[in-house]
Amino acid sequence: MPRKPGSNYLTGAAGAALLILGIAILGSFVVDVRAHRVVVNGGACILFGLVLLWWTFGENESWGIGFETVTMTVTVVTAVIAILALNVAP
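For the sequence shown, position 28 (counting from the first letter as 1) is numbered 137 according to the numbering used here, and the numbering increases by one without interruption.
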C-alpha cells in the first residue's frame, strides 16, 4: 500500500531538520540541550501534539499520515533528544 502524501511531507521535514541540526552541531555550533530544557520539552510536546492531531484529523484523507509515520516520528525525535541530552558535557 502506498504511503499517504502527508507521511512523505512529515518524514521529509523531519529528515531535513535532522540534517540541519547535525550540520549545525558539526559546524561548531554546539547546542546545549540541558541548558534549554524548557524549549526542548515544550517543542517536543508541541511537535508530538501536532503529529497526533494530524493523524487524527487526516483519517481517510489524502493529506493524512499513517500510524507508521506517527510511530517513526515520535521514536526518532525522542531518540535524538535523548542522544543529545546524554552526550552534553556536564
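Think of the CB as a built atom: it goes at the ideal place given N, C-alpha and C, for glycine as much as any other residue. This one's a predicted model, so the numbers in the text were calculated from it and none came from an experiment.
Contacts around residue i, its chain only, beta-carbon distance under 8 Å, and the 5 residues preceding and following it disregarded
| i | result |
| --- | --- |
| TRP172 | LYS113, PRO114, GLY115 |
| VAL183 | PHE157, VAL160 |
| VAL185 | ALA123, LEU127 |
| PHE176 | TRP164 |
| ARG146 | none |
Residue i - containing alpha helix (DSSP H), residue span
| i | result |
| --- | --- |
| TRP164 | 146-166 |
| VAL179 | 176-195 |
Beta-carbon contacts of residue i that lie in its chain and below 7 Å, excluding the five residues immediately before and after
| i | result |
| --- | --- |
| ILE155 | none |
| ILE174 | LYS113, GLY115, SER116, LEU119, TRP163, TRP164, GLY167 |
Per-residue DSSP class, three states only, for residue i
| i | result |
| --- | --- |
| SER171 | coil |
| PRO114 | helix |
| GLY121 | helix |
| GLY131 | helix |
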